[in-house]
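Residue numbers (the working numbering): 142 to 226. Take a look at the structure below.
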């Protein structure tokens, strides 16, 4: 079994796996602000600052200032600017 990438560090740029369109988006759609866990199933919960509109990419009209919580199994590290997908 592959080693888990979790827990992610505070400040990590991430995207939600439900945002299929964001998989290749440099910088992701949220930033980890707090890490909670591990829980009994070895999962974590992340408090993230994400886009106001979950269905659109971040920008001046969709800032990443909405605090929400994502489960670790639904959170993936974002691609770095200029990096491979």
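Even glycine gets a Cβ: it sits at the ideal position worked out from N, Cα and C. All values reported here derive from a predicted model rather than from experimental measurement.
Taking 8 Å as the threshold (C-beta atoms), are residue 179 and residue 193 in contact?
Residue numbering aside, residue 193 sits at position 52 when the chain shown is read from its first letter. Residue numbering aside, residue 179 sits at position 38 when the chain shown is read from its first letter. Result no, Cβ atoms of residue 193 and residue 179 do not sit closer than 8 Å.
Beta-bridge pairing of residue 208 - partner residues as DSSP gives them:
Here residue 208 refers to the residue found at position 67 of the chain shown. Its beta-bridge partners are 190.
Exposed or buried, what is residue 213 when buried is set at 16 or more other beta-carbons lying within 10 Å of its beta-carbon?
Reading the chain shown from its first residue, position 72 is the one you call residue 213. With 16 or more Cβ atoms within 10 Å of its Cβ, residue 213 is classed as buried.
I'd like to check one pair, residue 219 with residue 157: are the Cβ atoms closer than 8 Å?
Position 16 of the chain shown holds residue 157. Position 78 of the chain shown holds residue 219. Cβ atoms of residue 157 and residue 219: not closer than 8 Å.
Report buried or exposed for residue 162, applying the criterion of at least 16 other Cβ atoms within 10 angstroms of its Cβ.
Within the chain shown, residue 162 is the residue found at index 21, counting from 1. Residue 162 comes out exposed.
Assuming the contact rule is C-beta atoms closer than 8 Å, residue 175 and residue 151 should be a hit. Round their C-beta distance to whole Å, please.
Locating residue 175 in the chain shown gives position 34, where the first residue counts as 1. Locating residue 151 in the chain shown gives position 10, where the first residue counts as 1. Yes, residue 175 and residue 151 are in contact; Cβ-Cβ is about 7 Å, under 8 Å.
Determine the DSSP secondary structure at residue 156, reduced to helix, strand or coil.
The sequence position of residue 156 within the chain shown is 15, counting from 1. Here residue 156 sits in strand by DSSP.
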